[in-house]
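Engineer: Line by line, the protein sequences are chains A and S.
Residue numbers for the first sequence follow our numbering, beginning at 9 and rising by one.
Residue numbers for the second sequence follow our numbering, beginning at 1446 and rising by one.
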Amino acid sequence: MELLVYNENEMEQLGEKIARVLDHNDLVYLIGELGAGKTTLARGIARGRGYAGRVTSPTFTLMNIYKIGNAQINHFDFYRLNHDEICDLGLDDYLDREGMSLIEWPQAGENYLPEEALFINISLVDDDYDRERIVSIITRSREYQEKIKELQELC
Amino acid sequence: MKDILILGIETSCDETAASIVKNGCGILSNVINSQINIHQQFGGVVPEIASRKHIENIAMVVDNAFKEAGLSYQDIDGVAVTNQPGLIGALLVGLSFAKGFAWALDRPLLAVNHLHGHIYANILEHQDISFPAVCLVVSGGHTSLLHMKDIDSYAVIGETRDDAAGEAFDKVARFLGLGYPGGPAIQKAAALGKAGKVKLPRVYLDKNDFEFSFSGLKTAAMNLWKKMKGNEELAVFDLAAEFQQALVEVLVEKSLKAAKIYQVDSILMAGGVAANQHLRLLMKEKAGQENIKVFCPSLPLCTDNAAMIAGIAYHQYITKSYAPLDLNAYPGLLSL
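This is how it looks when you write it as structure tokens:
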């Protein structure tokens, strides 16, 4: 599915809707250039899961963890990493464990990161940051396809 | 009373560092082995390389700290190490080394939060700071304002809601093709340009609180660059100058506002971005007009170092707040 998002508030609201169709250990990839709105969308998803604290860019820390009762969201950012480094992170420990994972800049992990996931692509219109964003949500997995259908009904 | 000598070890990010500090304020040695040259090729910190280089460096760096201080291993009273926050692989190198060292010498292990260390860098050089104070912590991973009742008692009164100031510097520098690390690269480019020729927003959010947001400024700078590209060759310097000005103005104004509201007469600065000359000058100038004193560590103590770790750990040693040998490292989970 594809939709247009006109401002930061709308991006967060979209995240909250996405959160409603996700399960507690789902995997979401956030793809888009610097400043596209990936962290904003991640914040919306965290809000939608009931997390009220700070959701900031994990570029420097590589990973933030948000705890909501017994559940948790792992917020990754691989902007600074290449393929080998992503393989060396010990990511399986997190992806196998309980918790939803949101991964910004997953591109370098292609062929290593699981494909069973929601792929969210955020792109600029006419290469202009002042304009709206095109958000396209796709998946190759049947399970996630169902979630996209549910999301379409919410949007 | 006998002098207390603490060995500090710091490997949370770029630097492999070791230092010996006497009684919490006398720096006997301060050795830093930077990995910045390697990282420059990649445009950022690369964790796996960071930890591998830390392993290669650490024994030599610690040894040099003893040589520089003219001391032998047995002379020290405790081993302090950064165990949070930072890159996990990198933290573990320093932590494991420190545990082995402490165990072999039968000295207590002292665990330090990297950010507490940065704040303490002020005390290392200025014993005349009067508390309460406000402290601005600005680095690649953090942008926070603290209200400090004392050196070890403080509350976070504001933080960034998205990007840290240092992260914005790094990303914009990379986008403009100015290099890494972004802070010094932008500062250098800004010196060749003029702020105000192009316009970027000052993002204050609510003027009455101490929250920061640098993501919008980053995007605005990148957008302007996309539109300017190819039009004018020298424009990159003006853009760098305006970006630096926009970011620094917000940091200074919010710090001053906090000082006024909390009625303190000192502002402390800490973290790598506190090395930015423009920030230091503007903070001192504006605070001076209000009779507020500004303290910032000297440049070598703004960036990551182990003297701040050994310094603050002295107080833990005195109160016998030792860490167990099964101490763990914590990456970016905990802040202040």
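Every residue, glycine too, gets a C-beta built ideally from N, C-alpha and C.
Is the stretch 1685 to 1703 of chain S touching the stretch 1541 to 1550 of chain S, taking contact as three or more C-beta pairs under 8 Å?
Structural biologist: No contact exists between the stretch 1685 to 1703 of chain S and the stretch 1541 to 1550 of chain S.
Engineer: According to DSSP, which residues form a beta bridge with Asn-1558 (chain S)?
Structural biologist: Here residue 1558 (chain S) is taken as the residue at index 113 of the second sequence, counted from 1. Looking at the DSSP assignment, Asn-1558 (chain S) forms a beta bridge with S:Gln-1529.
Engineer: What's the gap between the Cα of Tyr-1762 (chain S) and the Cα of Arg-1725 (chain S)?
Structural biologist: Residue 1762 (chain S) sits at position 317 when you count from the first residue of the second sequence. Residue 1725 (chain S) sits at position 280 when you count from the first residue of the second sequence. One C-alpha to the other measures close to 33 Å.
Engineer: Just to confirm my understanding: we take Gln-1519 (chain S), look at its own chain, exclude 5 residues before and 5 after, and list those with CB closer than 8 Å. What are they?
Structural biologist: To locate residue 1519 (chain S), count along the second sequence from 1; it is residue 74. Once the five neighbours on either side are set aside, the close Cβ partners of Gln-1519 (chain S) are Leu-1550.
Engineer: Out of S:Gly-1627, S:Ala-1686, S:Glu-1460 and S:Val-1681, which one is the CA nearest neighbour of Pro-1745 (chain S)?
Structural biologist: Taking the second sequence and counting its residues from 1, one reaches residue 1745 (chain S) at position 300. Of the candidates S:Gly-1627, S:Ala-1686, S:Glu-1460 and S:Val-1681, the one whose C-alpha sits nearest the C-alpha of Pro-1745 (chain S) is S:Glu-1460.
Engineer: Short of 8 Å in beta carbon distance, which residues of its chain neighbour Tyr-137 (chain A), apart from the five on each side in sequence? Order them along the chain.
Structural biologist: Translated into the one-based positions of the first sequence, residue 137 (chain A) becomes position 129. Excluding residues within five positions, the ones whose Cβ falls inside 8 Å are Gly-43.
Engineer: Which residues in chain A sit within 7 Å of Lys-1616 (chain S), going by Cβ to Cβ distance?
Structural biologist: Within the second sequence, numbered from 1, the residue matching residue 1616 (chain S) stands at position 171. Going along chain A in sequence order, the residues near Lys-1616 (chain S) (Cβ under 7 Å) are Leu-42.
Engineer: For Gly-1562 (chain S), I'd like the list of residues in its chain whose CB is within less than 6 Å of its CB, leaving aside the five on either flank, ordered along the chain.
Structural biologist: The residue given as residue 1562 (chain S) occupies position 117 in the second sequence. For Gly-1562 (chain S), where only same-chain residues beyond five positions count, the Cβ hits under 6 Å are Met-1753, Ile-1754 and Ile-1757.
Engineer: Does the distance from the CB of Lys-25 (chain A) to the CB of Cys-163 (chain A) come in under 8 Å?
Structural biologist: The residue given as residue 25 (chain A) occupies position 17 in the first sequence. The residue given as residue 163 (chain A) occupies position 155 in the first sequence. Going by C-beta atoms, Lys-25 (chain A) is nearer than 8 Å to Cys-163 (chain A).
Engineer: Is Gly-1622 (chain S) buried or exposed, if buried means 16 or more other CB atoms sit within 10 Å of its CB?
Structural biologist: Locating residue 1622 (chain S) in the second sequence gives position 177, where the first residue counts as 1. When all chains shown are included, Gly-1622 (chain S) counts as exposed.
Engineer: Taking a contact to mean a Cβ-Cβ separation below 8 Å, would you say Ala-116 (chain A) touches Phe-86 (chain A) in this structure?
Structural biologist: Counting from 1 along the first sequence, the entry for residue 116 (chain A) is found at position 108. Counting from 1 along the first sequence, the entry for residue 86 (chain A) is found at position 78. It is a contact, given that the beta carbons lie within the stated cut-off.
Engineer: Mind checking if Asp-1448 (chain S) is an interface residue toward chain A, Cβ cutoff 8 Å exclusive?
Structural biologist: Position 3 of the second sequence, counting from 1, holds the residue named residue 1448 (chain S). So, not an interface residue.
Engineer: Would Ala-1720 (chain S) pass as an interface residue toward chain A - the criterion being a Cβ-Cβ separation below 8 Å?
Structural biologist: In the second sequence, counting from the first residue as 1, residue 1720 (chain S) sits at position 275. Judged by the 8 Å Cβ criterion, Ala-1720 (chain S) is not in contact with chain A.
Engineer: Might you give, ordered along the chain, the residues of its own chain that have their beta carbon closer than 8 Å to the beta carbon of Ala-27 (chain A), omitting 5 neighbours on each side?
Structural biologist: Reading the first sequence from its first residue, position 19 is the one you call residue 27 (chain A). Closer than 8 Å at Cβ, skipping near neighbours: Gly-52, Ile-53, Ala-54, Arg-55, Gly-56 and Arg-57.
Engineer: Classify Val-1817 (chain S) as buried or exposed, calling it buried when 16 or more other Cβ atoms lie within 10 Å of its own Cβ.
Structural biologist: An answer regarding residue 1817 (chain S) cannot be provided, because it is not within the stretch 1446 to 1781 covered by chain S.
Engineer: Between the C-alpha atoms of Lys-1699 (chain S) and Phe-1655 (chain S), what's the straight-line distance to the nearest angstrom?
Structural biologist: On the second sequence, position 254 is the one that residue 1699 (chain S) refers to. On the second sequence, position 210 is the one that residue 1655 (chain S) refers to. Roughly 6 Å between the two C-alpha positions.
Engineer: If we call anything under 8 Å between Cβ atoms a contact, is Tyr-14 (chain A) one with Glu-140 (chain A)?
Structural biologist: Against the first sequence, residue 14 (chain A) aligns to sequence position 6. Against the first sequence, residue 140 (chain A) aligns to sequence position 132. Yes, the pair counts as a contact, with Cβ atoms nearer than the cut-off.
Engineer: Using a cut-off of 7 Å between C-beta atoms, extract the partners of Arg-62 (chain A) located in chain S.
Structural biologist: Start at 1 with the first residue of the first sequence, and residue 62 (chain A) comes out as number 54. Per Cβ cutoff of 7 Å: Glu-1604 and Arg-1606.
Engineer: What is the DSSP secondary structure of Gln-1708 (chain S), reduced to helix, strand or coil?
Structural biologist: On the second sequence, position 263 is the one that residue 1708 (chain S) refers to. It is coil, neither helix nor strand.
Engineer: Using alpha carbons as the reference points, say which of S:Leu-1555, S:Ala-1547, S:Pro-1553 and S:Met-1593 lies closest to Ile-1564 (chain S).
Structural biologist: Residue 1564 (chain S) sits at position 119 when you count from the first residue of the second sequence. The candidate whose alpha carbon is nearest that of Ile-1564 (chain S) is S:Met-1593.
Engineer: What does Asp-138 (chain A) reach in chain S if we use C-beta pairs closer than 7 Å?
Structural biologist: For this step, residue 138 (chain A) is matched to residue 130 along the first sequence. Result: Asn-1668.
Engineer: Residues of chain S with CB under 8 Å from Ser-109 (chain A), in chain order?
Structural biologist: Taking the first sequence and counting its residues from 1, one reaches residue 109 (chain A) at position 101. None at all; the shortest Cβ gap to chain S is about 15 Å.
Engineer: For Asn-17 (chain A), which three-state DSSP category applies?
Structural biologist: On the first sequence, residue 17 (chain A) is found 9 positions in, with the first residue counted as 1. Of the three classes helix, strand and coil, the one that applies to Asn-17 (chain A) here is helix, per DSSP.
Engineer: Let me know if Ser-1575 (chain S) comes out buried or exposed under the rule of 16 or more other beta-carbons within 10 Å of its beta-carbon.
Structural biologist: Within the second sequence, the letter at position 130 stands for residue 1575 (chain S). Ser-1575 (chain S) comes out exposed.
Engineer: Straight-line CA distance for Ile-1533 (chain S) to Lys-1633 (chain S)?
Structural biologist: In the second sequence, counting from the first residue as 1, residue 1533 (chain S) sits at position 88. In the second sequence, counting from the first residue as 1, residue 1633 (chain S) sits at position 188. Spanning the two alpha carbons is a distance of roughly 32 Å.
Engineer: Compare the C-beta of Gly-1586 (chain S) against all C-beta atoms of chain A and say whether one is closer than 8 Å.
Structural biologist: One-based indexing of the second sequence puts residue 1586 (chain S) at position 141. At least one chain A Cβ lies under 8 Å of Gly-1586 (chain S).
Engineer: Using CA atoms only, rank isn't needed, just tell me which of A:Asp-101, A:Asp-135 and A:Glu-93 is closest to Lys-1672 (chain S).
Structural biologist: Within the second sequence, numbered from 1, the residue matching residue 1672 (chain S) stands at position 227. The shortest C-alpha separation from Lys-1672 (chain S) is found at A:Asp-135.
Engineer: Would DSSP call Leu-1567 (chain S) helix, strand or coil?
Structural biologist: Here residue 1567 (chain S) corresponds to residue number 122 of the second sequence, with the count starting at 1. It should be pointed out that residue 1567 (chain S) corresponds to Asn in this sequence rather than to Leu. Three-state DSSP puts Asn-1567 (chain S) in a helix.
Engineer: Can you check which of these residues, S:Met-1446, S:Ser-1479 and S:Ser-1457, is closest to Lys-1467 (chain S) by C-alpha distance?
Structural biologist: If you number the second sequence from 1, residue 1467 (chain S) lands on position 22. Nearest option by C-alpha distance: S:Met-1446.
Engineer: Taking 8 Å as the CB-CB cut-off, is Ser-131 (chain A) touching chain S?
Structural biologist: Here residue 131 (chain A) refers to the residue found at position 123 when the first sequence is read from its first residue. For Ser-131 (chain A), the answer is no, since every Cβ of chain S falls outside 8 Å of its Cβ.
Engineer: Taking the alpha carbon of Arg-1497 (chain S) as the point to measure from, which residue in S:Glu-1570, S:Ser-1479, S:Ser-1517 and S:His-1559 has its own alpha carbon closest?
Structural biologist: As a position in the second sequence, residue 1497 (chain S) is number 52, starting the count at 1. Out of S:Glu-1570, S:Ser-1479, S:Ser-1517 and S:His-1559, S:Ser-1479 has the C-alpha closest to the C-alpha of Arg-1497 (chain S).
Engineer: Between Leu-70 (chain A) and chain S, is there a C-beta pair that is closer than 8 Å?
Structural biologist: For this step, residue 70 (chain A) is matched to residue 62 along the first sequence. Closer than 8 Å: yes.
Engineer: By the DSSP assignment, the beta strand (DSSP E) with Ser-109 (chain A) in it spans what residues?
Structural biologist: Here residue 109 (chain A) is taken as the residue at index 101 of the first sequence, counted from 1. Per DSSP, Ser-109 (chain A) belongs to the beta strand (DSSP E) from 108 to 112.
Engineer: Is it right to say Ser-1743 (chain S) is buried, meaning 16 or more other beta carbons lie within 10 angstroms of its own, or is it exposed?
Structural biologist: Working through the second sequence from its first residue, we reach residue 1743 (chain S) at position 298. Exposed, since its Cβ has fewer than 16 Cβ neighbours within 10 Å.
Engineer: Is it the case that the Cβ atoms of Asn-72 (chain A) and Gly-107 (chain A) are separated by a distance below 8 Å?
Structural biologist: Stepping through the first sequence from its first residue, residue 72 (chain A) is reached at position 64. Stepping through the first sequence from its first residue, residue 107 (chain A) is reached at position 99. Taking 8 Å as the Cβ cut-off, Asn-72 (chain A) and Gly-107 (chain A) do not qualify as a contacting pair.
Engineer: Given a cut-off of 8 Å on the beta-carbon distance, is the pair Gly-1603 (chain S) and Leu-1590 (chain S) in contact?
Structural biologist: Here the question's residue 1603 (chain S) lines up with position 158 in the second sequence. Here the question's residue 1590 (chain S) lines up with position 145 in the second sequence. Contact: yes.
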